[in-house]
Amino acid sequence: MSELTTMERVGLYGGAVFLLLGTVGMGLLEMALGAPHPVSGEGQIVHETLFSLSIRSYTILLGLILLAAYGVSNLATKPPQDPSI
Amino acid sequence: MVTNIQTQLLGRDISFPVEESRFAYWLVVMRLIVGWWFLHAGLDKFLAWPFDAGWFVGGAAAQTSLGPVVTLFADGILLSFTNIMVPLGQTLIGLGLIVGALTRLAAFFGAFLMTFFYFINGETGGWAHGVITGDLLGLLIFAMIATLGAGRVLGVDAYLAKTAFVRDHPRLRYFIG
């Protein structure tokens, strides 16, 4: 992990930050100040939330896309450093 | 036997010991359970053929964040493609994980499928108890299997990795476990 390039840091750390922000970060704030659940049991979008459903979804999605981009770019740009793993 | 994992995270040394036998044990257990999850889901659809994903990609997905992309597959030839690829993909992903063949490739496509299930199921009611659902945990387990290359433990990938073809083409290591 010490030899990450800038782009790899963006993918790995950025992906984790957005993933955690959309799940844990916004979840804590919603629990304290908004509505704990973004949708009701009937699938209705809850509108009294601090963060709209789409903002939360896109934040989590961005995290997943960054992590996927890291994996795909690794495949595209360089062979494994150690062929035994 | 204990191995010391030597690594850094955020510029700090975070080396830690791992019990090897338990590590290998969990890799296999995780692979088999997640593999059966997907193999069952795929075979179940084939056994109840025809499978129609229209209600999901056209109905449920329409108002979700992934709607603009997913609804493109809601009719015509793209729906026919989806109706075949979902059960076929699930079956192959499940088989790949259970026998440990092309494990990383299988896990990547497993995570890819779970992304659609997570957001569409979640935004249509699955997030009624919060955004951490079984779909997200499944997605993360696929990512973990791919990261750790779980197919090397009691899996076909342990054999594939030793073949001359893979040794001559090291990028294939990204597809096998």
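Chains as they are written, first to last, in our numbering: chain V, 1 to 85; chain E, 1001 to 1177. Note that beta-carbon positions come from the ideal geometry of N, C-alpha and C, so glycine has one too. Source: prediction; values computed, not measured.
{"Item": "Using the C-alpha atoms, what's the distance from Gly-1155(E) back to Tyr-1025(E)?", "Value": "12 angstroms"}
{"Item": "Less than 8 angstroms between the CB atoms is what I'm expecting for Arg-1022(E) and Ile-1145(E), so what's the real figure, rounded?", "Value": "Their Cβ separation, rounded to whole angstroms, is 16 angstroms, which puts Arg-1022(E) and Ile-1145(E) out of contact at 8 angstroms."}
{"Item": "For chain E, check one thing: does any of its Cβ atoms lie closer than 7 angstroms to the Cβ of His-47(V)?", "Value": "no"}
{"Item": "Could you name the residues of the same chain whose beta carbon sits closer than 7 angstroms to that of Pro-1087(E), not counting the 5 residues immediately before and after it, in chain order?", "Value": "Gly-1042, Lys-1045, Phe-1046, Phe-1051"}
{"Item": "For a test of the three-state rule: what should DSSP assign to Val-1002(E), helix, strand or coil?", "Value": "strand"}
{"Item": "Short of 6 angstroms in beta carbon distance, which residues of its chain neighbour Ala-1158(E), apart from the five on each side in sequence? Order them along the chain.", "Value": "Arg-1152"}
{"Item": "Determine the contact status of Pro-80(V) and Arg-1104(E), defining contact as a CB-CB distance below 7 angstroms.", "Value": "no"}
{"Item": "Mapping DSSP to helix, strand and coil, what is Phe-18(V)?", "Value": "helix"}
{"Item": "Residues in its own chain within less than 6 angstroms of Leu-4(V) by CB, not counting five upstream and five downstream?", "Value": "none"}
{"Item": "What distance in whole Å lies between the Cβ atoms of Ser-40(V) and Phe-1119(E), which are believed to be in contact at a cut-off of 8 angstroms?", "Value": "With 8 angstroms as the limit, Phe-1119(E) and Ser-40(V) do not qualify as a contact, their Cβ atoms being about 17 angstroms apart."}
{"Item": "Using the C-alpha atoms, what's the distance from Lys-78(V) back to Asp-1168(E)?", "Value": "14 angstroms"}
{"Item": "With distances taken Cα to Cα, identify the nearest neighbour of Leu-33(V) among Ile-65(V), Leu-50(V), Met-7(V).", "Value": "Leu-50(V)"}
{"Item": "Does the CB of Leu-75(V) have a neighbour CB from chain E at under 7 angstroms?", "Value": "yes"}
{"Item": "In its own chain, which residues sit with a C-beta less than 7 angstroms from the C-beta of Leu-28(V), not counting the 5 before and 5 after it?", "Value": "none"}
{"Item": "Under 7 angstroms between beta-carbons, which chain E residues line up against Gly-41(V)? List them in chain order, please.", "Value": "Gly-1125, Ala-1128"}
{"Item": "Roughly how many angstroms lie between the CA atoms of Ile-1093(E) and Gln-1006(E), to the nearest whole one?", "Value": "32 angstroms"}
{"Item": "Can you list, in chain order, the residues of its chain whose CB lies under 7 angstroms from that of Gly-1149(E), leaving out five sequence neighbours each side?", "Value": "Thr-1103, Arg-1104, Gly-1177"}
{"Item": "Phe-1119(E) CB to nearest chain V CB: under 7 angstroms?", "Value": "yes"}
{"Item": "Within 10 angstroms of the Cβ of Asn-1083(E), are there 16 or more other Cβ atoms? Answer buried if so, exposed if not.", "Value": "buried"}
{"Item": "Just list the residues that DSSP pairs Leu-1009(E) with in beta bridges.", "Value": "Arg-1012(E)"}
{"Item": "Would Leu-1078(E) be called buried (16 or more neighbouring beta carbons within 10 Å of its own) or exposed?", "Value": "exposed"}
{"Item": "Identify the contact partners of Tyr-58(V) in chain E, using a Cβ-Cβ distance below 8 angstroms as the criterion.", "Value": "Ser-1065"}
{"Item": "Thr-23(V) touches chain E at which residues, Cβ-Cβ below 9 angstroms?", "Value": "Gly-1130, Val-1131, Ile-1132, Leu-1136"}
{"Item": "If we ignore side chains and look at the alpha-carbon of each, how far apart do His-47(V) and Gly-1125(E) end up?", "Value": "14 angstroms"}
{"Item": "Between the region 10-27 of chain V and the region 61-69 of chain V, do three or more beta carbon pairs fall short of 8 angstroms?", "Value": "yes"}
{"Item": "If we call anything under 7 angstroms between Cβ atoms a contact, is Leu-1097(E) one with Ala-1106(E)?", "Value": "yes"}
{"Item": "From the DSSP output, in three-state form, read off Ile-1145(E) for me.", "Value": "helix"}
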